[in-house]
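In short: position in the sequence shown from 1, add 142, done, that's the working numbering.
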Amino acid sequence: MQASTTAQSPASITSSASPSEVTARIHQRAGELEEHLIKTRRYLHAHPELSGKEHATSDFIASELDHMGIEYRRVTGPRPYPASDGSTEFIGTGIIATIRGEAPGAYDDAGTPAHRVALRADIDALPVGEQTGVQFASQNPGVMHACGHDCHIAMALTAAHILFDLRAHLKGEVRLLFQPAEEISLGARDLIAAGALEGVDAIYGTHIWSEVPAGAVSAQPGTRMASTDWFRVDIEGVSAHGSMPHKGIDAVVVACEIVTALQVLVSRDTSPFEPVVVTVGEIHGGTARNIMAGSAWFAGTVRTWDSKTRENVASRLERIVNKMANAFGAQMKFGYEAGNPSLVNNPACAQVAADAVTEVLGPEALYQYEGTLAGEDFSEYLQHVPGVFVFLGAKNEELGAIHPQHSCFYTVDESVLKNGAMVAAQWACDMLS
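Now the structure itself:
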């Protein structure tokens, strides 16, 4: 797919346009761009790229921005992303773009914008083999946009079209962040290090979401997603012949007992009012079926909402692992890595987002969603500036859009993509007004 051939409309909205005129223009442009939006999403879905390897994706985004006449810079930096084969690759796939407002007072005499807001879209895919059967399924075997990032890119580019058309109305700047490597929790930190948040007053992000009905949007304040931490436990026992278990210490048995005991963290060691998830996703041990394993290891993730609970979980988890290993006479090595913090929406930014939903979609589109213990590195931006992360509903049973994020069958109701672009554009306009 080549860069868009969609004609650019002139900046027909003036700085004196009323809020209703701005919203009407957002609706008009979104309708004109919807066909290209869906075409863009399908092209990106067919050409997914893993975290830190989004080179063709980045080139495509750049070509779209070139066509629109929006200035941008490619992000490079010193941090290498680890690859599955052990090699490393320096980042160069992030893009920071800028739409400069042209309303009176948009800049002072020194060239500093009156306000600057950011819109973020993540661009990486997952190591998942697609089984949806759609005509635009992944052409990259074993890689799939199974979390909707293809939708995020397409919506962000459409919002960019709309906002560039509205630049005569914008009193300040809109910064567009096309972020790599969200799925490995590193991309946001690298864009921040590259200056993505310099001078930014507030930031907006959205995630198309399989647990929210199509046509609905959740833009609530407070905690919306969990912190994402990681652990690994290595166990050293004593190997022995499988027929002589009394002469060894079975590391597999020890590992299994510890995995079971870890659930005490959730059921008995944490208040029921404090959401905690402890999941062991990997367990390995043994070399042959008639040899008692002398070593084993397992690894997993911990999810929490509350920062104080998060601080306590690591020491509690290590205590349980250590006591269980000692009880069996085994040695253990415990490793714990703090990932992204929980995602907490700023109340003021969330209110503007809720108002934007009401303005472009109507009050009936607002949806009360309890949040999720999944994680998102958008939370890294919120450690530096206030912002809001909204959930755009895409669940539609009639279309088969019922599978969760990260599923090989994941699909979405594409009719909601226009809504996502409109809400993002409206939020930016309202924040700059």
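All residues carry an ideal CB built from backbone N, CA and C; glycine is no exception. Just so it is clear, the structure is predicted and the values come from calculations on it, not from any experiment.
Which residue from 298, 276, 413, 508 puts its Cα closest to that of residue 262?
298
Pair within 8 Å by beta-carbon distance, residue 327 and residue 187:
no
Pair every Cβ in the stretch 367-374 with every Cβ in the stretch 444-451, then say whether three or more of these pairs are closer than 8 Å.
yes
Terminal residues of the beta strand (DSSP E) in which residue 355 lies:
344-355
Please classify residue 471 as buried or exposed, where buried requires at least 16 other C-beta atoms within 10 Å of its C-beta.
exposed
Would you tell me roughly how many angstroms separate the C-alpha atoms of residue 169 and residue 309, rounded to the nearest one?
16 Å
Is it right to say residue 348 is buried, meaning 16 or more other beta carbons lie within 10 angstroms of its own, or is it exposed?
buried
Helix, strand or coil for residue 294? Go by DSSP, reduced to three states.
helix
Please go through the same chain and pick out, in chain order, the residues whose beta-carbon is closer than 6 Å to the beta-carbon of residue 421, but skip the five residues on each side of it.
442, 443
Based on Cα-Cα distance, which residue from 259, 305, 273 lies nearest to residue 157?
305
Whole angstroms is fine: what's the gap from residue 294's alpha carbon to residue 557's?
14 Å
Could you check what DSSP says for residue 117 in three-state terms: helix, strand or coil?
Residue 117 is absent from the model: the chain starts at 143 and stops at 575.
Among residues of its own chain, excluding the 5 on either side of residue 412, which ones have a beta-carbon nearer than 6 Å to its beta-carbon?
418
DSSP three-state label for residue 263, please.
strand
Which word fits residue 562, buried or exposed, when buried means at least 16 other C-beta atoms lie within 10 angstroms of its C-beta?
buried
With C-beta atoms as the reference, is residue 423 less than 8 Å away from residue 397?
no
If you drop the 5 nearest sequence neighbours on each side, which residues of the same chain put their C-beta closer than 8 Å to that of residue 622?
Because the chain here runs from 143 to 575, residue 622 falls outside it and cannot be looked at.
Pick helix, strand or coil for residue 315, following the three-state DSSP scheme.
strand
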